[in-house]
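Written out below as structure tokens is the structure these notes cover.
In my numbering, the protein residues as written are 2 to 154.
Below, the structure is given as structure tokens:
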């Protein structure tokens, strides 16, 4: 019982500052506690609503879009690396509502506004930057074509 209370206190301190996924909490607890105790603590945290992967996905996507815009591919990759199930990501309403075209257009208006998209070297830089941010080629291509006033990059 003493180990359980100690483990629960460790978990609460770990999740106190920001939301964590179930897998992140599991990894933290595995470092100092047996697997059975870890699973009991995680079950209690889930029961009390302290960890909820579905809510985590929704909040993570909103924050990513608001503060550090990224495309679906990059967001999905990051969430998978945090131990979130692929099905949970793909079923999320926020994930399916990501409007990559408008995010790309905002980035072209602000961060990438100094690039001349008619210049080949600048265009390659913008394409590379946006693709590394996880935007799909179709979305990038259509936004750039719209910006340039033509239909080919």
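The beta carbon of each residue, even a glycine, is placed where N, CA and C say it ideally should be.
Predicted model, so just to flag it, every value in this text is computed and none were measured.
Measuring straight from C-alpha to C-alpha, what distance separates residue i and residue j?
i	j	result
residue 50	residue 8	17 Å
residue 15	residue 26	8 Å
residue 44	residue 6	14 Å
residue 4	residue 20	24 Å
residue 114	residue 125	14 Å
So, at 8 Å on beta carbons, what are the nonlocal neighbours of residue i in its own chain, with the 5 sequence-adjacent residues on each side left out?
i	result
residue 22	52, 54, 57, 83, 84, 85
Confirm, please, whether the CB-CB distance from residue j to residue i is below 8 Å.
i	j	result
residue 62	residue 18	no
residue 46	residue 12	yes
Among residues of its own chain, excluding the 5 on either side of residue i, which ones have a beta-carbon nearer than 7 Å to its beta-carbon?
i	result
residue 75	134, 135
residue 80	58, 61, 90
residue 77	90
So, at 6 Å on beta carbons, what are the nonlocal neighbours of residue i in its own chain, with the 5 sequence-adjacent residues on each side left out?
i	result
residue 41	none
residue 73	99
Please look up how many angstroms separate the CB atoms of residue i and residue j, rounded, as I've assumed it's under 8 Å.
i	j	result
residue 106	residue 146	Between residue 146 and residue 106 the Cβ distance is about 12 Å, and since that is not below 8 Å, they are no contact.
For chain D, check one thing: does any of its Cβ atoms lie closer than 8 Å to the Cβ of residue i?
i	result
residue 19	Included in the structure is just one protein chain, with no chain D present.
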